[in-house]
Structures are given as structure tokens and as C-alpha cells.
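Enquirer:
2 protein chains.
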Amino acid sequence: MVEQHASHLDTVFHALGDATRRRMLRDLSGGERTVGQLAEPFAISLAAASKHIKVLEQAGMIRREVRGRTHLCRLDPGPLASAHQWLTAYERFWTDRLDALDRLLREEDAANAP
Amino acid sequence: MVEQHASHLDTVFHALGDATRRRMLRDLSGGERTVGQLAEPFAISLAAASKHIKVLEQAGMIRREVRGRTHLCRLDPGPLASAHQWLTAYERFWTDRLDALDRLLREEDAANAP
DNA sequence: CTCATATTCAACCACATGGTTGAACAACAC
DNA sequence: GTGTTGTTCAACCATGTGGTTGAATATGAG
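Line by line, the protein sequences are chains Z and E.
Taking our numbering, I'd label the letters of the first sequence as residues 178 to 291.
Taking our numbering, I'd label the letters of the second sequence as residues 178 to 291.
1. Quick check on Glu242 (chain E): does DSSP put it in helix, strand or coil?
2. Let's see if you can read the secondary structure: which residues bound the alpha helix (DSSP H) around Glu234 (chain E)?
3. Please confirm whether Leu249 (chain E) and Leu202 (chain E) have their CB atoms less than 8 Å apart.
4. Taking buried to mean at least 16 other C-beta atoms within 10 Å of its own C-beta, is Ile239 (chain Z) buried or exposed?
5. Flag this pair as touching only if the segment 220–238 of chain E and the segment 258–267 of chain Z have three or more C-beta atom pairs under 8 Å; answer yes or no.
6. For my contact list, Ala192 (chain E) and Ala236 (chain E) are in at a C-beta cut-off of 8 Å; report their separation, rounded to the angstrom.
7. Measure how close the beta-carbons of Arg244 (chain Z) and Glu234 (chain Z) come, nearest whole angstrom, since I'm counting them as under 8 Å.
8. Let me check one thing: in DSSP terms, what residues is Thr293 (chain Z) bridge-paired to?
9. Could you spell out the range, first to last residue, of the alpha helix (DSSP H) harbouring Gly213 (chain Z)?
10. Name, please, each residue of chain Z whose Cβ falls closer than 7 Å to the Cβ of Phe190 (chain E).
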């Protein structure tokens, strides 16, 4: 609930706000990928893909190991976990409220059917 | 895992990528708020706050009821739930991978301590 | 050394974003 | 009616975003 890592969450959610980058994360969930492999599914230049990867990297969601002339990327689940955690905090709130609404409607029902 | 609501997730995650809007959601988790009430904590113009609220509204995360001259906003948990769901799918992947790593390290331990 | 491969960098472009201000609109108060 | 309150709209501005292209860098292959 508390907004402690504000600017970090900013970058994480922003990184998630693009389908290209989410697809890259999906591919990375299958294991390590090079920059070229990550770029392959898209009809964009390598330079554009490289920028997307940098966004994910700066959000801390992926890490890069330069091996020879290729850059191997792998998922770092930490930031995804923080985003998940943030949403989970809200989940408690909204399920509570929906539960309360549910209870209210049931009481109303009970009152109307003596 | 599947990217079915791509463009919708785009707008939801984008809306979450701003601390001002996340704070508004936090306030709305406490119940209905007017535009003025939502804007109050921030040192920005009402027009700017109005734009933020419109972003949340277009992402489907809040709904607005115009009552008299005031606009009452309330949370719609649905889109937050989809974002949560998306992240949950990835959570399964990364916990699987961390579990595998854990198992590997334990096996290594066992081998080194006969 | 030369050539090809993998990736980044720099400059540029169109468009979106987040902010401002001042005017407009709508509804309540007098 | 007049005035005040709650909110939006329109025009504008600076900066960020996602894309391009062509050149630069670094490594591997012959």
C-alpha cells in the first residue's frame, strides 16, 4: 500500500506499458536470449529493439552478460515481483470492497424475503 | 501467459506508470472521491489532475458519476485485476526457475558433504 | 589484415505526455 | 438576475517516447 519505491515503480510499470517489451519478457521467461533473438519477432530495426532492451534493463527487469560479441539477456524477477506486490496490496482492497457489496446485497435480499 | 488484451494492458500499465495516478488509485481504494478531492494532495493545477483522471478513466480503472456540478469517481477493480493476472502468470515462471536453482544448489551441497 | 556478424551510438523525426494558463460551462447560493 | 464553485476545454510549451537511418565499435572467421 505504501508508495516507498515510487520512482522505481514508475520505471517498472512504464516498461510493462509496451507490448513489444512484454513480448520480450515472455520470451525471456523461456531462458536466456541474445539481443538479436529478442528483436527477431518484431518488424523493427535492431537499434529500436536495443532501446527496448535498455528500458527493461534500466528498470532492473533483465540483466545482460556480454559474451564475446553477443549480449545474453536473462530475466531478473525482482522488479516484476515488486509490481506484483503493489497490485496485490490493491487486490486486498478491492476484494474487501466487493465482499462488502456482496454482503450488502445478501442482506437486502434477506430483508425482502421474510 | 498469452498476450490477449495487448492494447488494453498497454493503457493499464501506462496508467500505473505514474506516481500521481497511483496515489489517486490509493485514495480511491478508500471510497468515492470528487475530482477536487483527488487533486488536493498534489501541487498541480486542477486541469492537470483532470487529465490524470481521464487517463485512469480511459484505462477503465475508474468510473465517474456526475452528480450536480461535482464528478464522483470510484475504482473499477477489473483492469487492476487483469494487470495482476498478467504478472501472476509470470510469477509462476520465475518461481519455477528459482525453485529449480534451489534444487540445483541443494544437490551440489549434498555432493560436497558425503 | 580483411570481411562479416552482433550490437550500440548519434542524429533526426513525428507524436505523446505532463504541465501551464485563461476562458468556458454547469450548477448551486443569494 | 449576479456571483461563486467544481470541472472541463483549448492553446501552448518542454520533454519524453518509439521509430528511423547511417556510422562506429568490437569480436569472430578466413
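Using N, Cα and C, we set each Cβ at its ideal position, and we do this for glycine too.
Expert: Put simply:
1. strand
2. Leu223 to Gln235
3. no
4. buried
5. no
6. 4 Å
7. 16 Å between Cβ atoms; not a contact.
8. This structure cannot settle anything about residue 293 (chain Z), because the visible part of chain Z is limited to 178 through 291.
9. Val212 to Ala216
10. Phe190, Leu193 and Gly194
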